[in-house]
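So the structure is just underneath, and the comments pick up after that.
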Amino acid sequence: MTRRRARQEERVAMAEALKDEIVTVFGGSGFLGRHVVRALAKRGYRIRPAVRRPDLAGHLQPLGMAGQILPVQANLRYPASVARALEGASAAINLVGILAPTGRQSFEAVQAGGARTVAEAVKAAGIATLVHVSAIGADANSPSAYARTKAKGEEAVKAAMPGATIFRPSIVFGPEDGFFNRFAAIARMSPILPAFGADTRFQPVFVGDVAEAIARAIDGTIAAGRVYELGGPETKTFRECLALVNRETARTRPIVGVPLGLAKTVARLTEWLPGAPVTVDQLLLLEKDNVVSAEATAEGRTLAGIGIRPTNLEAILPTYLYRFRKHGQFDARRIA
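Shown next, in the form of structure tokens:
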């Protein structure tokens with residue numbers, strides 16, 4: 009059998025394995041979204057990424073078969089668009105979240121009101137399966153608007169869909185992340201690496217592991233109606249994360265601890281600028297560790313608890329941070 013014939017038969021087999029179920033993925037074109045779409049496509053689902061700009065979601069098409077992935081327009085601030093995106097769907101996933109408000113995309117509108125809109129629309133459509141992605145640190149009493157609205161979003165989802173599955177990841181890392189890539193870019197330009205809340209602990213989790221957990225929830229192979237906390241295999245302080253950035257970018261930038269009080273003062277003056285490195289609200293989040301709770305671990309509401317072995321940071325960071333080295337992928341070349 010020729011290689012071309014083998015590829016044709018493989019494509020035919022994949023097409024025949026496509027399922028009838030449609031999964032609507034709100035926020036499907038973002039960092040986590042593209043990995044969720046890939047995980048669902050491999051399982052044969054038909055996927056409907058619901059995004060504000062479907063014309064900018066073309067990068068999702070190669071993740072599946074022809075016709076398997078069809079982006080549609082939806083904005084969580086407009087319930088009618090959400091309802092249209094759910095027509096004919098068998099399951100829904102809400103990945104929409106923001107790290108900083110911009111214009112009408114406020115924390116309240118997106119993370120609280122948006123979550124409520126999706127959950128109520130899913131209920132109205134008679135869809136039984138809803139997966140909602142929140143964040144470790146979601147707390148109605150938090151000083152951070154981000155954490156408070158994440159908590160409000162969770163409560164709205166539970167009220168409308170008690171059987172919904174909620175995932176709370178720690179900092180998510182991967183090729184397109186906004187954490188390690190951002191500080192690697194800073195290391196390329198700045199003589200120092202600022203550590204805001206240097207001793208705050210994180211439990212970075214690989215985006216592929218989070219996507220796999222979400223896909224299993226859609227499969228129905230994990231218990232629904234629970235709140236899962238997703239973290240990687242080890243905890244790292246902010247300072248230790250920046251040390252990894254230095255190592256993988258082959259740089260020796262001094263890591264300078266910045267007291268949160270001083271950082272907040274500076275952030276108040278600069279957070280309105282385009283590309284500001286940090287906001288006051290993000291600094292408020294750093295006042296508390298961002299790790300999986302002992303209760304979630306004891307109750308099996310973790311990656312390991314649902315049978316996923318968490319991926320180590322050191323196994324993934326080198327695959328994408330090399331581009332921030334002085335000579336990119338050729339930085340370690342041997343000179344004769």
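Just add 8 to wherever you are in the sequence shown, counting from 1, and you've got our numbering.
All C-beta atoms, glycine included, are put in the ideal place defined by N, C-alpha and C.
Item to complete: Would you be able to state if there are at least three C-beta pairs under 8 Å between the segment 153-166 and the segment 178-188?
Response: No, the segment 178-188 does not touch the segment 153-166.
Practice prompt. For residue 337, count neighbouring C-beta atoms within 10 Å of its own C-beta (all shown protein chains included) and say buried if the count is 16 or more, exposed if not.
Written response: Position 329 of the sequence shown, counting from 1, holds the residue named residue 337. By the neighbour-count rule (16 or more Cβ atoms within 10 Å), residue 337 is not buried but exposed.
Worksheet item: residue 113 bridges to which residues according to DSSP?
Response: Residue mapping note: residue 113 aligns to position 105 of the sequence shown, counting from 1. Note: residue 113 is bridge-paired with 110 in the DSSP secondary-structure output.
Fill in: Spatial neighbours of residue 104 in its chain, beta-carbon cut-off 7 Å, leaving aside the 5 residues before and after
In the sequence shown, residue 104 corresponds to position 96, counting from 1. Excluding residues within five positions, the ones whose Cβ falls inside 7 Å are 34, 35, 84, 118 and 122.
Discussion item. Please identify the residue among 312, 284, 302 and 315 whose C-alpha is closest to the C-alpha of residue 110.
Written reply: To locate residue 110, count along the sequence shown from 1; it is residue 102. Nearest option by C-alpha distance: 284.
Discussion item. Taking the alpha-carbon of residue 164 as reference, which of 271, 101, 120 and 42 has the nearest alpha-carbon?
Written reply: Counted from its first residue, the sequence shown places residue 164 at position 156. Nearest option by C-alpha distance: 120.
Worksheet item: How is the alpha helix (DSSP H) around residue 254 delimited, first residue to last?
Response: Walking along the sequence shown from the start, residue 254 turns up at place 246. Segment 246-256, the alpha helix (DSSP H) holding residue 254.
Practice prompt. Please name the residue, chosen from 242, 25, 13 and 80, that lies closest to residue 323 on a Cα-to-Cα basis.
Written response: By one-based count along the sequence shown, residue 323 stands at place 315. The option with the nearest alpha carbon to residue 323 is 242.
Fill in: Given 8 Å, three or more beta-carbon pairs between the segment 256-270 and the segment 170-178
Touching, no, given that fewer than three Cβ pairs across the two stretches are closer than 8 Å.
Item to complete: Can you check the segment 59-127 for any alpha helix (DSSP H) of at least 4 residues that lies completely inside it and give the ranges in chain order?
Response: List check, alpha helix (DSSP H) in window: 87-93.
Fill in: Residue nearest to residue 257 in terms of C-alpha spacing, selected from 325, 99 and 245
Position 249 of the sequence shown, counting from 1, holds the residue named residue 257. The shortest Cα separation from residue 257 among 325, 99 and 245 belongs to 325.
Discussion item. Quick check: the Cα distance between residue 223 and residue 195, rounded to an integer number of angstroms?
Written reply: Reading the sequence shown from its first residue, position 215 is the one you call residue 223. Reading the sequence shown from its first residue, position 187 is the one you call residue 195. Rounded to the nearest angstrom, the two C-alpha atoms are 35 Å apart.
Worksheet item: Should residue 98 and residue 125 be called a contact, given that it needs their Cβ atoms to be closer than 9 Å?
Response: Translated into positions along the sequence shown, residue 98 becomes position 90. Translated into positions along the sequence shown, residue 125 becomes position 117. Against a cut-off of 9 Å, the Cβ pair of residue 125 and residue 98 comes out as no contact.
Discussion item. In this structure, how does DSSP classify residue 189 when only helix, strand and coil are distinguished?
Written reply: On the sequence shown, residue 189 is found 181 positions in, with the first residue counted as 1. Note: residue 189 maps to helix in three-state DSSP.
Discussion item. Can you confirm whether the segment 269-276 touches the segment 245-261 when touching is taken to mean that 3 or more C-beta pairs between the two stretches lie within less than 8 Å?
Written reply: The answer is no - the segment 269-276 does not touch the segment 245-261, with fewer than three Cβ pairs under 8 Å.
Practice prompt. Check the C-beta distance from residue 52 over to residue 68 and give it rounded, since I have them as a contact under 8 Å.
Written response: For the purposes of this step, residue 52 is taken as residue 44 along the sequence shown, with counting starting at 1. For the purposes of this step, residue 68 is taken as residue 60 along the sequence shown, with counting starting at 1. At roughly 16 Å, the Cβ-Cβ gap does not stay under 8 Å, so residue 52 and residue 68 are not in contact.
Worksheet item: If you scan the segment 247-310 from start to end, which runs of the beta strand (DSSP E) of 3 or more residues do you find wholly inside it?
Response: Whole beta strand (DSSP E) segments, 3+ residues: 263-266.
Fill in: C-beta contact flag for residue 39 and residue 193 at 9 Å
Counting from 1 along the sequence shown, the entry for residue 39 is found at position 31. Counting from 1 along the sequence shown, the entry for residue 193 is found at position 185. Their beta carbons are not under 9 Å apart, which means residue 39 does not touch residue 193 by this criterion.
Worksheet item: Can you name the residues that DSSP bridges to residue 32?
Response: In the sequence shown, residue 32 corresponds to position 24, counting from 1. Partner(s): 56 and 100.
Worksheet item: In angstroms, rounded to a whole number, what distance separates the CA positions of residue 106 and residue 141?
Response: For this step, residue 106 is matched to residue 98 along the sequence shown. For this step, residue 141 is matched to residue 133 along the sequence shown. One alpha carbon belongs to residue 106, the other to residue 141, and they sit about 12 Å apart.
Discussion item. Measuring straight from C-alpha to C-alpha, what distance separates residue 236 and residue 262?
Written reply: Your numbering for residue 236 matches position 228 in the sequence shown. Your numbering for residue 262 matches position 254 in the sequence shown. Each residue's Cα considered, the two are about 37 Å apart.
Fill in: Closest residue to residue 202 among 270, 148, 219 and 227 (Cα-Cα distance)
Start at 1 with the first residue of the sequence shown, and residue 202 comes out as number 194. The shortest CA-to-CA distance from residue 202 to any of 270, 148, 219 and 227 is the one to 270.
Worksheet item: Would DSSP call residue 346 helix, strand or coil?
Response: Nothing can be reported for residue 346, as the shown portion of the chain is limited to 9 through 344.
Discussion item. Give me, in chain order, the residues of the same chain whose beta-carbon lies closer than 7 Å to that of residue 145; leave out the 5 immediate sequence neighbours on both sides.
Written reply: As a first step, residue 145 is located in the sequence shown; it is residue number 137 there, counting from the start. In the same chain as residue 145, and ignoring 5 residues on each side of it, the C-beta atoms closer than 7 Å to its own belong to 155, 293, 296 and 298, in chain order.
Practice prompt. Report yes if the C-beta distance between residue 65 and residue 79 is below 9 Å; otherwise report no.
Written response: For this step, residue 65 is matched to residue 57 along the sequence shown. For this step, residue 79 is matched to residue 71 along the sequence shown. Taking 9 Å as the cut-off, the Cβ atoms of residue 65 and residue 79 count as close.
Fill in: Rounded straight-line distance, which links the Cα of residue 13 to that of residue 313
Taking the sequence shown and counting its residues from 1, the one referred to as residue 313 is at position 305. Taking the sequence shown and counting its residues from 1, the one referred to as residue 13 is at position 5. About 42 Å.
Practice prompt. Put residue 43 into one of helix, strand or coil per three-state DSSP.
Written response: Your numbering for residue 43 matches position 35 in the sequence shown. Residue 43 falls in the helix class under three-state DSSP.
Fill in: Closest residue to residue 228 among 259, 212, 181 and 171 (Cα-Cα distance)
Locating residue 228 in the sequence shown gives position 220, counting from the first residue. With distances taken between Cα atoms, residue 228 lies closest to 171.
Worksheet entry | Per-residue DSSP class, three states only, for residue 146 | As a working note, residue 146 is residue 138 in the sequence shown. Collapsing the DSSP output to three states places residue 146 in coil.
Worksheet item: residue 166 and residue 211: beta carbons closer than 9 Å?
Response: On the sequence shown, residue 166 is found 158 positions in, with the first residue counted as 1. On the sequence shown, residue 211 is found 203 positions in, with the first residue counted as 1. The Cβ-Cβ distance between residue 166 and residue 211 does not fall below 9 Å.
Worksheet item: When burial is assigned at 16 or more other CB atoms within 10 Å of the CB, is residue 11 buried or exposed?
Response: Locating residue 11 in the sequence shown gives position 3, where the first residue counts as 1. With fewer than 16 Cβ atoms within 10 Å of its Cβ, residue 11 is classed as exposed.
Worksheet entry | residue 304 to residue 316 span [Cα, whole Å] | Translated into the one-based positions of the sequence shown, residue 304 becomes position 296. Translated into the one-based positions of the sequence shown, residue 316 becomes position 308. Rounded to whole angstroms, residue 304 to residue 316 spans 15 Å at the Cα level.
Fill in: Nonlocal neighbours in the same chain, by C-beta distance under 8 Å from residue 131, ignoring five residues either side
Within the sequence shown, the letter at position 123 stands for residue 131. Here the set comprises 168 and 169.
Discussion item. Do residue 87 and residue 5 have their beta-carbon atoms positioned less than 9 Å apart in this structure?
Written reply: Given a span of 9 to 344 for the chain in the structure shown, any question on residue 5 remains unanswerable.
Worksheet item: With C-beta atoms as the reference, is residue 139 less than 9 Å away from residue 93?
Response: Looking up residue 139 in the sequence shown gives position 131. Looking up residue 93 in the sequence shown gives position 85. No, these two residues do not count as a Cβ contact at 9 Å.
Worksheet item: Which residues mark the beginning and the end of the alpha helix (DSSP H) in which residue 226 is found?
Response: Counted from its first residue, the sequence shown places residue 226 at position 218. Judged by DSSP secondary structure, residue 226 falls within the alpha helix (DSSP H) whose first and last residues are 215-227.
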